[in-house]
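For the record, the sequence lines run as chains A and B. According to the working numbering, the first sequence is numbered sequentially starting from 1. According to the working numbering, the second sequence is numbered sequentially starting from 1001. Cβ atoms here follow ideal geometry from the backbone N, Cα and C, with glycine treated the same way. Let me begin by presenting the structure, written as structure tokens, before commenting on it.
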Amino acid sequence: MTLLRQALLVAGKDLRIEARSRVALNQVLPFAGIVLLLFAFALDPDRGILPRVAPGLFWVAVLLAGLLAISRAFAVEGENGVRDALRLSGLDGAAVFCGKALAVAAQLLALEVVLGIGVVVLYDLHLHNPLVVVLASLAATAGLAAAGTVYGVLAAGLRVRETLFPLLVLPVVAPVMLGATRAWEAALSGAPSEAWPWVQLLAVFGVIYTTMGWLAFGPLLEET
Amino acid sequence: MQKFWTRRGTAVLGGLTVVSLAVLVVLGLFVSDPDFQQGDAVRLMYLHVPAAWISYLAYGVTSLASALYLWKRTRAQVWDTLAGASAEIGVLFTGLTLALGSLWGRPVWNVWWAWDARIVSTAVLFFLYLGYLALRKVPAESAVRARRCSIAALVAFVDVPVVHFSVEWWRTLHQKGTVFNRELNPSIQGNLAWALLSGVVAFTFLYLYLLERRYRLALLEEAVEGRELDAAIAERRAEAEAVPGARGVPERVV
């Protein structure tokens, strides 16, 4: 079985669990929605601040809701000894990593689409240069999913995982959030040439974090 | 003999630390002239710069020790212990760097905090390794913890340049010529340079001394843990034997 096929198997399993349990749909998405509302409460919507800071708010909302989605992706491994089953399945550690990261990325992308509609509707944001916006989001999602998956497996199974996981992962994904926000800002303000360096930087982050996960995931899955 | 040497070595290291810190106090507070721009605030630099240097050194040692642990040929528990000890000192000195820099910034820049690339990346670094220390505190079997923490330390190490570049870009793309450029003034000279150098030397000795102490303490902690476990097992055994009819009770009692 090729690595790709193994990865797709794991991703399919995770997405199927998600489709059946609907935790992301019923809990994570509404959470992201209320975060958008809270931002509007914190920053007076009548003074025109919201459209200006919308890219940053969007990515913070993605990050916060994404943390929940990633925790959930590893919570399903904790039940019924799935972690042991995964280890015994003979799947390559790198393939398991890619599969889990793919499933997380798919959920993050869905989250971004919904939140994107949310900021357009609620914050009156005009989407200029959609190609740059989409590419930046894809690159950022790859980085978030890869880094999140590495720390997700690291924290999975620990008694303090709910509190430790955000502390571990947020400093690591801070550069991704920074790059994605700047790229969006540049694209939306009609200066796509300024966005390209950020998109490239995001792509480099994606490659770095994916390589890290590729190497580290197997040993981390084996340990406990 | 070994014990004697380490005790002697620690004492020598401690002595060097105290002497070099005393030299730093004299040079920094009395001999050094005030800077023509920063005034007396420049004296904070004799602590701030060495503290920053020590935090980089400490994280370097943590990463190296973690890599040595992960490499099968050099795998030994001591590397993990060393990595943890060094990271703790690194976090302490990163915190000091930020606090001292803030104290210095208030009189010189008129702000406690500036969104300068280096300041922001140092702050992210601080949280990155705080997370690492939190991970170390999670109870686990020592081999499991060592592997987990070594990987986390290397991931953090890889992340340092990532954070640095992104923040550097962010600040240079948005505001040209940050305040920090002036601080990189290469024309530092005379007694100011000597004071700074003595600060670096003193803090390096201090780091080595603290590292040695922390490392020994960690070894003692591990030993105590092992002993407590043995004692607990022995206690349970004794309890079981005290109960009549329990396994291991001699037949003739009945």
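- Return the residue from the list A/LEU108, A/ALA139 and A/THR211 that minimises the CA-CA distance to A/VAL150. For the options A/LEU108, A/ALA139 and A/THR211, the alpha carbon positioned closest to that of A/VAL150 is the one of A/THR211.
- Should A/HIS126 go down as buried or exposed, given a rule of 16 or more other Cβ atoms within 10 Å for buried? exposed
- Message: Could you check whether A/LEU63 and A/VAL53 sit closer than 8 Å to each other, using their CB atoms as the reference points?
- Response: no
- Item | Residues in the stretch 47–61 of chain A having any Cβ partner in chain B nearer than 8 Å | none
- Please confirm if A/PHE205 has its CB atom under 8 Å from at least one CB of chain B. yes
- Message: Just to confirm my understanding: we take B/PHE1093, look at its own chain, exclude 5 residues before and 5 after, and list those with CB closer than 6 Å. What are they?
- Response: ALA1051, ILE1054 and SER1055
- Any beta-carbon of chain B closer than 8 Å to the one on A/PRO192? no
- Task: To the nearest angstrom, report how far apart A/PHE58 and B/TYR1209 are at their CA atoms.
- Result: 47 Å
- Item | Coil, strand or helix - A/ALA19 by DSSP | Residue state, collapsed to three classes: helix.
- Query: How many angstroms separate the CA atom of B/THR1097 from the CA atom of B/ALA1134?
  - Reply: 21 Å
- Item | Spatial neighbours of A/ALA140 in its chain, beta-carbon cut-off 6 Å, leaving aside the 5 residues before and after | Residues of the same chain with a CB within less than 6 Å of the CB of A/ALA140, apart from the 5 flanking positions on each side, are VAL176, ALA180 and LEU202 in chain order.
- Would you kindly check if the distance between the Cβ of A/TYR209 and the Cβ of A/ALA146 is under 8 Å? yes
- Task: Give me whichever residues DSSP pairs with B/ASP1035 in a beta bridge.
- Result: In the DSSP assignment, B/ASP1035 is bridged to B/GLY1039.
- Expected contact under 8 Å - CB spacing of B/GLU1088 and B/ARG1214 to nearest Å: About 6 Å separates the two Cβ atoms, so the contact holds.
- Closer than 9 Å by beta-carbon distance: list the chain A residues that pair up with B/PHE1127, in chain order. LEU167, LEU170, PRO171 and ALA174
- Examine chain A for any beta-carbon lying closer than 8 Å to the beta-carbon of B/ASP1116, and answer yes or no. no
- So, B/GLY1199 versus A/LEU168, is the Cβ gap smaller than 8 Å? Not a contact, by the Cβ cut-off of 8 Å.
- Query: Any residues in the stretch 149–165 of chain A with a beta carbon nearer than 7 Å to a beta carbon of chain B? Which ones, in chain order?
  - Reply: VAL150, LEU154, LEU158, VAL160 and LEU164
- What residue range is occupied by the uninterrupted alpha helix (DSSP H) comprising A/THR163? 161–188
- Message: Which residues in chain B have a C-beta closer than 7 Å to the C-beta of A/GLY179? List them in chain order.
- Response: SER1166, listed in chain order.
- Starting from A/TYR45, find everything on chain B with Cβ-Cβ shorter than 7 Å and list it in chain order. Before going on, a small fix: residue 45 of chain A reads as Pro here, not Tyr. None at all; the shortest Cβ gap to chain B is about 26 Å.
- Item | Presumed contact (8 Å Cβ cut-off) between B/LEU1192 and B/ASP1035, rounded CB distance | 7 Å
- Does B/ILE1124 come within less than 8 Å of chain A when only Cβ atoms are used? It should be pointed out that residue 1124 of chain B corresponds to Val in this sequence rather than to Ile. So, interface residue.
- Message: Could you compute how far the alpha carbon of A/ALA69 sits from the alpha carbon of A/ALA24?
- Response: Going by the C-alpha atoms only, they are around 7 Å apart.
- Quick one: measure Cβ to Cβ for A/LEU108 and A/GLY66, integer angstroms, because I've assumed they're closer than 8 Å. Between A/LEU108 and A/GLY66 the beta-carbon gap is near 5 Å, inside 8 Å, which marks them as a contact.
- Task: Taking only the alpha-carbon atoms, compute the straight-line gap between A/GLY213 and B/TRP1104 and give it to the nearest angstrom.
- Result: 40 Å
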